[in-house]
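As structure tokens, the structure follows; a few thoughts come after it.
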Amino acid sequence: MLSISQFTDPACSDEAIDPSLLPTEEEMQTLRRVADTIPFAAWTIVFVEFAERFSWYGTTGPMTNYIQQPLPKGSIAGNSIDPKDVAGALGRGQRTSTALGNFRQFWTYFTPIIGAIVADTYYGRFKAICVFYAICLVGHILLVFVSIPSAIAHPNGALAGFVISLVIMGLGTGGFKSNISPLVAEQS
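Using my numbering, the first residue of the sequence shown is number 1089, and each one after it goes up by one.
Structure representation (structure tokens):
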């Protein structure tokens, strides 16, 4: 438990704190703790962060099957009709699937550098978050389009579109992630 001496010790802070403004030991023990409401902006940040993480982890598993496994027999959309079959679309094998998964992870962990530069130099954190979130959304929309049956019918084109969507989503995610935590920290 914290004591008043920790707050009034000049070695603990850069500025001297007026001790008369701080609660006494008795007040610390007896005063009621009153919870405050959480601001709407904080709830919004939590929701947006949740949605971004959901999109990241929600695409990881299906992405592996989409690249690695071939179209199941009788399917035009990549879904398996027979419960014993595995869903898939491109049939590029484990090596390609692993390589693209590793590229996605590398790219997403590299792009926060770009996001930080853009936010600090041009837009500011809030506008950068909005821009990079929109970029990530464009990547997800492209991912949907390269996963429809007419795109899967052309595996090379679907793979190219898939890689482009990975690059766009990685840029959006990296730019978002490098700015959301500092934005939250600046709110206090």
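Think of the CB as a built atom: it goes at the ideal place given N, C-alpha and C, for glycine as much as any other residue.
Going by the beta-carbon positions, is the gap between C1218 and M1257 smaller than 7 Å? no
Going by beta-carbon coordinates alone, are Q1156 and Q1193 separated by less than 7 Å? no
Does V1234 pass the burial test, meaning 16 or more other C-beta atoms within 10 Å, or should it be called exposed? buried
At 4 residues or longer, what runs of the alpha helix (DSSP H) sit wholly inside the region 1193-1248? 1200-1206, 1213-1233 and 1237-1240
Please confirm whether Y1154 and A1187 have their CB atoms less than 7 Å apart. no
Could you tell me if K1215 is buried or exposed, where buried requires 16 or more neighbouring beta carbons within 10 angstroms of its beta carbon? exposed
Look up P1127 in the DSSP assignment and say whether it is helix, strand or coil. coil
For a test of the three-state rule: what should DSSP assign to L1159, helix, strand or coil? coil
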